[in-house]
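Protein chains in written order, with the numbering used here: chain A, 1 to 130; chain B, 1001 to 1112.
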């Protein structure tokens, strides 16, 4: 199975994304959760940081393939390679805790492989799942 | 995402969350959650009805727990569903905010 959806990088569009994944057949509950989680993290980051200063609205295309389970997100936002961001050490105490970097930590924990390339001015992130 | 509150005989407050704690869900309850957490010394967060939790929801929990901690307050998480528990563990949140599947234990953790 291979299905795609294209959305604007706007907060209001994210509910559509979750509904789209939930409606996909062939995913078990754990896979569905992992895909929804990683998509939410990628999309939220894109909504918050993807738009170039003074630039046009950003859109992104999500493609999901099964057997093996693979998620591809392509966008025309500012260049960003999440696989190059160093993993943040966990905060040992609440005093030192910050809420930054949690999204990437979740992607790294739930996707088994992460590949990024910048192609023709677009970000292309491929996440694989067990 | 829905939020409601209960007071336990011990004095601990239970914040009951229901629904998807994604970016939209977290934004919907964030202000109310922070206000109730700030007004109480012992808070148990009932996650039993939360079917999805992502980083913006974690942010709501961590920021309130941190703010409570500066005022000698404590938060404990109660009965997360299996995938939600995996998110809490993978993100390192369980090293910051304790959790339990049993209410008496969660209450004990919150009361300190």
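C-beta atoms are modelled at their ideal positions from N, C-alpha and C, and glycine is treated no differently.
Item: Starting from the Cα of residue 12 of chain A, find the closest Cα among A/40, A/23, A/26 and give me that residue.; Value: A/40
Item: Identify the continuous alpha helix (DSSP H) that holds residue 1091 of chain B and give its terminal residues.; Value: Neither: residue 1091 of chain B is in no alpha helix (DSSP H) and is coded neither H nor E.
Item: Would you say residue 1099 of chain B reaches chain A, if we count a Cβ-Cβ gap shorter than 8 Å as a contact?; Value: no
Item: For residue 1056 of chain B, return the contacting residues in chain A, with the cut-off set at a CB-CB distance below 7 Å.; Value: 44
Item: At a CB distance below 9 Å, what residues from the region 5 to 24 of chain A approach chain B? Give them in sequence order.; Value: 11, 12, 14, 15, 18
Item: If you compare alpha carbons, which of A/34, A/70, A/108, A/99 is closest to residue 126 of chain A?; Value: A/70
Item: Quick check on residue 82 of chain A - is its C-beta less than 8 Å from some C-beta in chain B?; Value: no
Item: Does the Cβ-Cβ distance between residue 1084 of chain B and residue 1047 of chain B come in under 8 Å?; Value: yes
Item: Shorter than 8 Å from the beta carbon of residue 1104 of chain B to some beta carbon of chain E?; Value: Within the model displayed, chain E is absent; protein chains A and B are what it includes.
Item: At least one CB of chain A closer than 8 Å to the CB of residue 1044 of chain B: is that the case?; Value: no
Item: When the Cα of residue 1104 of chain B is compared with those of B/1009, B/1065, B/1005, which residue comes out closest?; Value: B/1009
Item: Could you give the distance in angstroms between the alpha-carbon of residue 1073 of chain B and the alpha-carbon of residue 1110 of chain B?; Value: 8 Å
Item: Does the beta carbon of residue 1063 of chain B sit closer than 8 Å to a beta carbon anywhere in chain A?; Value: yes
Item: Label residue 1080 of chain B either buried or exposed according to how many other C-beta atoms from any shown protein chain fall within 10 Å of its C-beta, with 16 as the threshold for buried.; Value: buried
Item: Looking only at its chain, what residues have a beta carbon closer than 6 Å to the beta carbon of residue 1004 of chain B, apart from the 5 residues adjacent to it on each side?; Value: 1016
Item: Which of the three DSSP states is assigned to residue 1083 of chain B in this structure?; Value: helix
Item: Taking all protein chains shown into account, do 16 or more other C-beta atoms lie within 10 angstroms of the C-beta of residue 2 of chain A, making it buried, or fewer, making it exposed?; Value: exposed
Item: For residue 78 of chain A and residue 43 of chain A, what's the separation of their Cα atoms in angstroms?; Value: 13 Å
Item: Hey, would you say residue 1043 of chain B sits closer than 8 Å to residue 1019 of chain B, going by beta carbons?; Value: no
Item: Here's a check: name, in chain order, each residue in its chain whose Cβ is nearer than 8 Å to the Cβ of residue 75 of chain A, leaving out the five neighbours to either side.; Value: 9, 46, 50, 58, 59, 60, 61, 122, 123
Item: Who are the neighbours of residue 1066 of chain B on chain A, taking C-beta pairs under 7 Å?; Value: 94, 97
Item: What's the gap between the Cα of residue 1089 of chain B and the Cα of residue 1082 of chain B?; Value: 11 Å
Item: According to the Cβ coordinates, are residue 1045 of chain B and residue 1077 of chain B closer than 8 Å?; Value: yes
Item: Does DSSP put residue 128 of chain A in a helix, in a strand, or in coil?; Value: strand
Item: Along chain B, which residues have their Cβ under 7 Å away from the Cβ of residue 90 of chain A?; Value: 1092, 1095
Item: Which residues in chain B have a C-beta closer than 9 Å to the C-beta of residue 30 of chain A? List them in chain order.; Value: 1082, 1083, 1086
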